[in-house]
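There are 4 protein chains.
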Amino acid sequence: MIIVLKSGVSEREVADVERRITAMGYRPHTIRGELRTVIGAIGDDRGKERLRSLESLETVESVTPILQPFKLASREVRSANSVVQVGNVGIGGRKIVVMAGPCSVESREQVLEVATRVKAAGAAVLRGGAFKPRTSPYAFQGLEEEGLKLLAEARRETGLPIITEVMEPDKVDVVAEHADVLQIGARNVQNFSLLRKVGAVGKPVLLKRGMSTSIQEWLLSAEYVLSGGNPNVILCERGIRTFETSTRFTLDLNAVPVLKKLTHLPVVVDPSHGTGHWEYVESMAMAAVAAGADGLLIEVHPRPEEAMSDGPQSLKPDRFAALMTRVARVARAVDRDA
Amino acid sequence: MIIVLKSGVSEREVADVERRITAMGYRPHTIRGELRTVIGAIGDDRGKERLRSLESLETVESVTPILQPFKLASREVRSANSVVQVGNVGIGGRKIVVMAGPCSVESREQVLEVATRVKAAGAAVLRGGAFKPRTSPYAFQGLEEEGLKLLAEARRETGLPIITEVMEPDKVDVVAEHADVLQIGARNVQNFSLLRKVGAVGKPVLLKRGMSTSIQEWLLSAEYVLSGGNPNVILCERGIRTFETSTRFTLDLNAVPVLKKLTHLPVVVDPSHGTGHWEYVESMAMAAVAAGADGLLIEVHPRPEEAMSDGPQSLKPDRFAALMTRVARVARAVDRDA
Amino acid sequence: MIIVLKSGVSEREVADVERRITAMGYRPHTIRGELRTVIGAIGDDRGKERLRSLESLETVESVTPILQPFKLASREVRSANSVVQVGNVGIGGRKIVVMAGPCSVESREQVLEVATRVKAAGAAVLRGGAFKPRTSPYAFQGLEEEGLKLLAEARRETGLPIITEVMEPDKVDVVAEHADVLQIGARNVQNFSLLRKVGAVGKPVLLKRGMSTSIQEWLLSAEYVLSGGNPNVILCERGIRTFETSTRFTLDLNAVPVLKKLTHLPVVVDPSHGTGHWEYVESMAMAAVAAGADGLLIEVHPRPEEAMSDGPQSLKPDRFAALMTRVARVARAVDRDA
Amino acid sequence: MIIVLKSGVSEREVADVERRITAMGYRPHTIRGELRTVIGAIGDDRGKERLRSLESLETVESVTPILQPFKLASREVRSANSVVQVGNVGIGGRKIVVMAGPCSVESREQVLEVATRVKAAGAAVLRGGAFKPRTSPYAFQGLEEEGLKLLAEARRETGLPIITEVMEPDKVDVVAEHADVLQIGARNVQNFSLLRKVGAVGKPVLLKRGMSTSIQEWLLSAEYVLSGGNPNVILCERGIRTFETSTRFTLDLNAVPVLKKLTHLPVVVDPSHGTGHWEYVESMAMAAVAAGADGLLIEVHPRPEEAMSDGPQSLKPDRFAALMTRVARVARAVDRDA
């Protein structure tokens, strides 16, 4: 931590701050500049948010951490890329892994049709929502456990592993029973009870970024799962909230190289939520792969105009197949397999 | 809903969209403009997000709702202000209700000292965190049930009703047993399982705005609680996330008059989180009351520089007492009691 | 500046960075922590952005400035509040100064009617746009010099000093000839050529915050004017751009106490642009004064529904008079004159 | 325009709004829904912001435009892509055009060295700043006209056309004398005087998006240039301002497909400013091309650690050459030439 003192503090006041730093278990190292005195607090400051409380002293101007606050997620702890295994598929390796399917599981016919079509087009994982987080209490809330069973049936039919969202700690066990990957949605990225619970199961966890979660906070959420004992965390960029309204969210592809620098965890991108409009999904899917993403999460629906949710951003199966062909070309151009 | 068609659509395509609107249970009313054809879908579109899926048709340019999507929270359903009763205190009436106390309950001495001091200064409710949502898994996570008991003891000592946060559905019952108001934190504003659960208990619920939640989404979250059968919802503005870094969040006081127009629910403001620095809390507390807020939520700690959490934004008891005096003057200037 | 080195740098690499710091005229002071080596660059780093280029070294993780980069605008250079004199009116003193008038000067009748009405209600300065920055080239662009003359006539009739916007360096002289205060609009807050030009005239300058300008950048824009030799700068918060769409902008009242801490310059608030809706203007005007603002800038139009620009946020004269009465009560509650 | 009336308006009030719409030259078409009456104002509403003033009526809830407000920039006016010719280079055609060079022209040696190196690596245009918009008045402000001459010399040496920024109307002629493309910087995107002035010269104009400019506002700024008679406008996405601080800005690549849908103008991307860190530039350059950009703007400096400005985001010539090779592979994967 770097503690900057206000201008005009006395030697006694400097000594008081030094004493407090020592009392918290750090070693103070004071630099007297021309205009300010600055104290470095030497010691591992990760997770030691308590030092920040010094900012409430009238003699202190600001307290700034030096280290990134996460540990297990960090490249410094593990320099090689982590590969999370989902069935036969490794996420984070050479292959670009595409997870596709409907926003909501709506019926047996729907989910089987989509599963067959996305598999034929080259998707490696089937996505589909059974428990749905909906902004309005009056909107369709998902088929719940019935939806999980339909997804499991689609897996039996197609062999595709499945990913689906879990929204509360109490449902983790039942979802983990049916799903191959547990998805934590954007609205739950700081639902710490849920993160702890999925940290205690062995299944891979796909952790979506919240719509206003900084990359640092997101990695701290991943740290909840990792420190709970579950190393199988996949990060998913899905768009952040900005002032721009011509898209539903602003897909932050900068996050891909930033994450690749900071963490060993695999990174996938969801261009469906990240744009909110089917017309933009293909372009942003290609961009994500070019930026270095390890995979994609894409919404596909046989009849988007009748979808119970997220119709505007869903692709028809034919368009999805065309996207897969184009994505594969970009993947090869960046030395990845598709 | 207003459905704008793309330019150049044929009469047959217009008829197709009209047919789909009818099939969804609405009455289409088509306006042929100079450059665009627009169809109004007549019917109650609140919560009927499904109409939006028409946006995925290639003939449709955009779909725009006309009505605010919430019902029970709306001024149209109830024009008079709701007053939520907490012990003897009514929130939403003439009196400005101040809820104050430490971010985290840290010890018996700490919470009793703060409770006594804030009561003496005029606070009407004691706040304190027992279950703490912390960004880092390595940070202090609260005293949990022990903290609830200390809060209950502080209530016995001072007579102040208490407000404390609940973070997961499973804990709602135990928190409701001890607390007078259940606080839903910013990170859980779209934790719909939790919202449903607190909608099923009778206790008042203080619902904080999420850091990137629009006012419309926030009222839909309130609607989850209201439609669950619990009418006692208090809204709390606590700052949104913007590009500005000189404060921790940007306190959106515009939200106060906007909410007063849209909803009958009481509105309180948290200037401690909304600024993140104790030096700015008093100014923004006064501003909130002048803007029309019904109450305040303020962090007070006897020794902020040693606080386990949120020290930089906590007031010492003396400063809090000074704030109460100044807030009271502003309250009277806007015809409120303090 | 604090330069944080990457983990694992060698002694030779540390020495290389120290050498570069010395070569740039600073004194390096190195702290070896447990996990990182940190070098303080001792010397006045204000405006010395060049040090930041060290961040491009492969051995450097980050470069963080210690001091705020502005000088003349800073409280450290001048601790007492500056009062900017406009005619007989001092802005930044005990009196809350209200500047009111139409968005655009549209006709002689309109501007004279508004001037008379706002003066009667207690406004101290007349605002009105002659040169209008309009988002669309097809929108009304203002009456230009004819508008300036109408404003000057309104001053003669009412005795109110006038404030009007100047949009380009070439027009500064003609606007300064007619106006008492030169307004720099939000879109020109980083139009450095214009800032330099108004720094070279003696007239007071009201500098609006840009819609995405940080407080630090805003004060650096003020520094352009101050360092040009013109000490008469008034800062005007007018709302920033965020994700929230229920208001036109998000009025950042946090900026008021932040500025009062950082700078001696007077601070006024524009609740008309800051909300974009006339219904919210009165609440936010009162909040601004309670937060510590020195004045207000408010749009008033006799027939807002026929206004050439900004009708939705303009008050009718009667409503403005009511606002003035309510604002005066809040002003007295915070020990200001109105 | 769609005008939504408040609930409970009387027939007389509806008639009053209809009358006003007619008086403004539009044809009202009224739809009576179950809960609201809605009036469509038929007629070309582009640039007719004045209709919005109806929102200030107490009977009106909201006014929403139907059409995008720009005309000449629109795909509806011109469906084929525009190709802007710069010397022998066409921007907006099959070829990905890379413009590279230093942030600031610092010396003859520097600019000639960079010019030679970027040409060898395949850049088609040389960029370099002579007039520099700097946040601080104390920072290096550019070599001004001397810088223009050095750029012209580099053109003679290498044959590369040059792009450089112009900051004020008075300098447009001198910059146009030396430059092949006039760059309008992010901070001047709504400097309407400057836009009008460059609209009156024939030279190509590269118009950067402002850091908080919506895509719609940006196209209206382009419309200023186009409606001035200059059809040679190139749009440049360079990152928007969001809450995320791990990058300098958030590069909004969503803007590429959105622009490709809305406008015929060429679109280039600046990953140097869009990330602010050299380590992320290559990834985002590739992503931009995959998303459909027509070109790139990249900062290259022989010794970034000694740069007078923007060192942290500048590439060394070797890294730039490596980037060009990788970008070319992505370009071919999306059927573009490099």
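Chains as they are written, first to last, in our numbering: chain L, 1 to 338; chain B, 339 to 676; chain U, 677 to 1014; chain V, 1015 to 1352.
Note that CB positions come from ideal geometry on N, CA and C, so glycine has one too.
Would you list the residues sitting across from residue i in a DSSP beta bridge?
| i | result |
| --- | --- |
| P366/B | A379/B |
| K433/B | D675/B |
| I891/U | DSSP lists no partner for I891/U. |
| L972/U | V774/U and V945/U |
| V1074/V | L1019/V |
| L126/L | A100/L and I162/L |
| G1104/V | Q1099/V |
| T583/B | Answer is none; T583/B lacks a bridge partner. |
| S412/B | T601/B |
| L1329/V | V1314/V |
| T951/U | DSSP output for T951/U lists no bridge partner at all. |
| T926/U | I916/U |
Got a sec: is the Cβ-Cβ distance from residue i to anything in chain V below 8 Å?
| i | result |
| --- | --- |
| V355/B | no |
| Q210/L | Sequence inspection shows Gly at residue 210/L; the Gln mentioned does not correspond to that position. Judged by the 8 Å Cβ criterion, G210/L is not in contact with chain V. |
| R374/B | yes |
| E380/L | Residue 380/L is absent from the structure shown; chain L starts at 1 and stops at 338. |
Going by Cα to Cα distance, which pick from the options is closest to residue i?
| i | options | result |
| --- | --- | --- |
| Y476/B | V84/L, L72/L, E145/L and A154/L | L72/L |
| G875/U | G886/U, V774/U, V801/U and V857/U | V857/U |
| V334/L | V172/L, A291/L, G40/L and M324/L | A291/L |
| A1144/V | V1112/V, R1131/V, T1130/V and A1193/V | A1193/V |
| G480/B | F192/L, E109/L, G229/L and A331/L | F192/L |
| H1315/V | S1328/V, H1278/V, R1201/V and K1222/V | S1328/V |
| A969/U | A631/B, A625/B, E414/B and L634/B | A625/B |
| I240/L | N1268/V, R1092/V, V1295/V and P1326/V | N1268/V |
| A553/B | P907/U, S897/U and T926/U | It is Ile, not Ala, that sits at residue 553/B in the sequence shown. Minimum Cα distance to I553/B is reached at T926/U. |
| F320/L | R332/L, V281/L and E306/L | V281/L |
| S1286/V | N1102/V, V1186/V, T1277/V and K1330/V | K1330/V |
| L160/L | V205/L, A121/L, P28/L and E106/L | A121/L |
| G886/U | K873/U, Q859/U and G777/U | Q859/U |
| W954/U | T923/U, A1014/U and D928/U | T923/U |
| A1029/V | L1049/V, D1058/V, T1073/V and R1064/V | T1073/V |
| V513/B | R416/B, Q528/B, T473/B and P542/B | P542/B |
Any beta carbon of chain L sitting closer than 8 Å to that of residue i?
| i | result |
| --- | --- |
| T735/U | no |
| D508/B | yes |
| R832/U | no |
| G649/B | yes |
| E1293/V | yes |
Quick check on residue i - is its C-beta less than 8 Å from some C-beta in chain U?
| i | result |
| --- | --- |
| V607/B | no |
| P1147/V | yes |
| D590/B | yes |
| G371/B | no |
| L1165/V | no |
| R241/L | yes |
Of all the CB atoms in chain B, is at least one closer than 8 Å to the CB of residue i?
| i | result |
| --- | --- |
| S1093/V | no |
| E109/L | no |
| K771/U | no |
| P304/L | yes |
Please check the pair residue i and residue j, which I expect to be a contact at CB under 8 Å, by giving their CB distance rounded to whole angstroms.
| i | j | result |
| --- | --- | --- |
| V1052/V | I1080/V | The Cβ separation is near 12 Å, so there is no contact. |
| G987/U | S1067/V | 3 Å |
### Minimum length 4: unbroken alpha helix (DSSP H) runs contained in the segment 846 to 919 of chain U
Complete alpha helix (DSSP H) runs here, min 4: 848 to 854, 868 to 875 and 891 to 903.
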